[in-house]
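Notes for the one structure printed next.
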Amino acid sequence: MQKCKKLIFNLFFIGLVVVFFASLEFSLRISGVGIDTRPFFRHPYMSQFYVDNKQFRNKYYNRYVDLSHQPIKNVFSYEKKPGMLRGFVIGGSTAEGFPYYSNHSFSKILEAALREQGKYAGVEVLNMGFSAMSSFYDADVAKKLLKYKPDFIIIYSGHNEYYGTISATTGGSYFTKKLYLFLKESRIFQILFNLFSDLTRSKDSGNRTMMEEQFNNQAIPLDEKFDRKVAEDFINNLDSTVRLYSRQGVHVIVVDPVCNLIDMPPFGSQKNNDPEKEKNLKEFIKSYYNAIIVGNKIELQKAYEERQNHLEYSSNAFILYLDAMAREKLYNEKSLSNYLIAKDFDTVPFRCRSVFNAVISNYSALNEGKNPYYHYIPLQNILQSWFGHRIFGNNIFLDHVHYNWNGNVLIARILAEKIAMVYKYSDEEKKKLISFFSNPEEVKKKLYFTPLHEIFGYYSILMLSQRPPFSTMVIPFIPAPPLNNPFFRDTNIIKMTEEEAFNKIINESIEKKDYDRAFFYINSIMQVYQAEYRNYLALAQFQEMMKSEDAGYNYIVAYLLSGRNREVYSQMENYFLNNGRADMLEMVKKKYGEPRR
């Protein structure tokens, strides 16, 4: 009897605890405390569309980041209609499109190509790449994306496995990282984790770039056992997604991650414990580098022969990189392997080591063909076979891993070819699809990618290169300037914010009656900020000036996206009354409501 009472008491106590925490969790969610971890939600005034939940990615950061100023990059149909093709791209900042906006990345170029080809009634390729995200993010968000009925998912990932938000340098085992992500779905645990993060966060972290903060001066020397463990974690995350999606009949396309090898020196290398030897090494690196840059073959030959007398330098990443350059200049060695070795010895591996490419290739060899829903793009092999080893330089990269415009177009084309194979395009359909990519300058027009976007992207890379780990490099990295950009030598542009620069160009174009140019730049803003009401308002005002009937539609969209803003309503009201369409105004009020007070 006593034991029975004790059991009942224990069960009652446990029940109370469960009810208490469940009630607390429910209360926190209802009151909006913590992070809503849904990737998307239906727009409150345009419920036929899903839009980004901008705060959801805070789940993957170790501290809260205010993301309210970030553009909503994904707007897509709540109801997936028959004949529509929908895909998601996941990964880190390369997948995101940095330093350009996501809607100028290879994901949207791919979408535009598939849409123009016309095989499907509609095409949506949504970008879920974000800076510093690792494969732990990929696997976690992939589970969430199934709700939105994808036909395929593209994974371009691998460069953030060492320094990502949840990675080799953040501590913990594979299991504890998975447990952390599981617990962070709870608002209660979010609060606890944030309290702990506030206690441990360094005071200057708010002044550092994301890359600088993730790096945090942590060197990671080449270590076969450690690197293989990190790579295996990557494969485990990938495999969990492949298995989940294959069961649902959704295609998974995995892209071999590549990087800038030719024009990107190593970030770091192992240091000599002897200060004098370290000093001599740096002096030799400087003289060796100068001999390569000057281009005098006699001096370079001397420097290279001197290098052969220092076998102790054979594991130094900087020396190995200079060796690769020297052998190419002296002996015309067109080999990527020398550059790959230098990259692998880099002690600041923001570029994934070759073991990752190897394990992805091995995994793909075991799965592709056997699993009809798994597809692999051996990107390094494809690019090298098409263009030779020098393609892995500034001609497609802006820095160590991020693509320039031509690089994004190239990756989109390779993805398009894979999509054509997966979905069994006819030869004629494939020919039309690939023709989209024949002229990168024409693709710019179709994606509304302007010279201003290019120049501000360059400035972003330039600023990044002035902070660690770039600024501490022994061999400097120099971003390739866009010399042909009309704004490159415009000293006024660099003093402006991006918004000020775009407004200046649009207003100047209108004053000069160059309405096509003004319209193009307005559309370029719309391309980037697809759910920003001010852009629809600006477009409506421009269309009203041009006496276009589309102005009314865009005034309504601006009103809804603004959350029924009173000032927007006033402008919409003036437009409809001035054009004798009071009936439209009444319809909007009746259907969507009066403006907020």
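Counting from 116, one number per residue, gives the positions in the sequence shown under my numbering.
Here a beta-carbon is modelled for each residue, glycine too, at the ideal position from N, C-alpha and C.
Remember, it's a predicted structure, so these values are computed and weren't measured experimentally.
Can you tell me whether DSSP reads residue i as helix, strand or coil?
i      : result
Glu483 : strand
Phe399 : helix
Val589 : coil
Phe191 : strand
Ile620 : helix
Asp665 : helix
Gly130 : helix
Gln651 : This sequence places Tyr at residue 651; Gln is not what is there. In the structure shown, Tyr651 sits in a helix (DSSP, three-state: H, G or I).
Pro186 : coil
Ala334 : coil
Asn173 : helix
Gln658 : helix
Cys374 : coil
Arg178 : coil
Ser452 : helix
Asp631 : helix
Met326 : helix
Ser146 : coil
Glu300 : coil
Ile281 : coil
Phe308 : helix
Ser162 : coil
Leu713 : Residue 713 is absent from the structure shown; the chain starts at 116 and stops at 712.
Ser476 : helix
Glu709 : coil
Phe382 : coil
Tyr289 : helix
Glu347 : helix
Phe433 : helix
Lys417 : helix
Asp698 : helix
Using a Cβ-Cβ cutoff of less than 8 Å, which residues in the same chain neighbour residue i once the five nearest sequence positions on both sides are dropped?
i      : result
Lys169 : Leu182, Ser183, Gln185, Ile187
Cys713 : Limits of the chain in this structure are 116 at one end and 712 at the other, which puts residue 713 out of reach.
Lys444 : Ile407, Gly410, Lys412, Leu415
Leu676 : His158, Tyr160, Met161, Ala646, Glu647, Tyr648, Tyr651
Glu590 : The sequence given here places Ile at residue 590; Glu does not occur at that position. Only Pro380, Pro381, Ile400, Tyr404, Phe433, Tyr436, Leu437 meet the Cβ criterion.
Arg582 : Arg323, Thr324, Met326, Glu327
Ile456 : Leu435, Ala439
Name the DSSP beta bridge partners of residue i, please?
i      : result
Tyr717 : Beyond the ends of the chain as shown, which are 116 and 712, falls residue 717; an answer cannot be given.
Val470 : Paired residue(s): none; Val470 is not in a bridge.
Glu239 : Arg201
Val357 : Answer is none; Val357 lacks a bridge partner.
Asp167 : Phe155
Gly206 : Gly244, Tyr271
Which same chain residues end up closer than 7 Å to residue i when comparing Cβ atoms and leaving out the 5 residues on each side of it in sequence?
i      : result
Asp459 : Leu337, Arg468, Ser469
Tyr215 : His568, Gly572
Tyr684 : Tyr674, Pro710
Val409 : none
Ser402 : Ala418
Tyr668 : none
Asn453 : Asp438, Ala439, Arg442
Suppose the cutoff is 6 Å on Cβ atoms and the five residues either side in sequence are ignored; what does the same chain contact list for residue i look like?
i      : result
Phe156 : Asn168
Phe564 : His219
Phe221 : Asn523, Ile526, Ala527
Arg172 : Phe245
Pro372 : Gly273, His274, Cys467
Lys545 : Ala535
Glu556 : none
Gln163 : Tyr193
Please indicate yes or no: does the CB of residue i lie closer than 7 Å to some heavy atom of the ligand NAD?
i      : result
Pro601 : Looking for the ligand NAD in the displayed structure turns up nothing, as the structure carries no ligands at all.
Check whether the stretch 643–655 and the stretch 192–206 are in contact - that is, three or more C-beta pairs closer than 8 Å. no
Return the chain-ordered ranges of every beta strand (DSSP E) run that is complete within the stretch 494–578 and spans a minimum of 3 residues. none
Is it a yes or a no for the stretch 280–295 touching the stretch 237–255, going by three-plus beta-carbon pairs under 8 Å? yes
Evaluate contact between the stretch 504–521 and the stretch 386–405, counting only Cβ atoms and requiring at least three cross-stretch pairs below 8 Å. no
Quick one: which unbroken alpha helix (DSSP H) runs of 4-plus residues sit fully inside the stretch 217–274? Chain order, please. 221–232, 250–260
Is the stretch 448–462 close to the stretch 431–440, with three or more CB pairs under 8 Å? yes
Taking contact to mean at least 3 C-beta pairs separated by less than 8 Å, is the stretch 528–548 in contact with the stretch 597–616? no
Decide yes or no for the touch test of the stretch 481–492 against the stretch 406–423: beta carbon pairs closer than 8 Å, at least 3 of them. no
Contact between the stretch 550–565 and the stretch 622–641 is defined here as three or more beta-carbon pairs at a separation below 8 Å; is this criterion met? yes
Between the stretch 295–311 and the stretch 145–153, do at least 3 Cβ pairs fall closer than 8 Å? yes
Hey, is the stretch 659–672 in contact with the stretch 582–602, meaning 3+ C-beta pairs nearer than 8 Å? no
Mind the definition here: the stretch 327–337 touches the stretch 228–245 only if three or more C-beta pairs lie below 8 Å; say whether that holds. no
Should the stretch 256–269 be regarded as contacting the stretch 359–372, the criterion being three or more beta carbon pairs within less than 8 Å? yes
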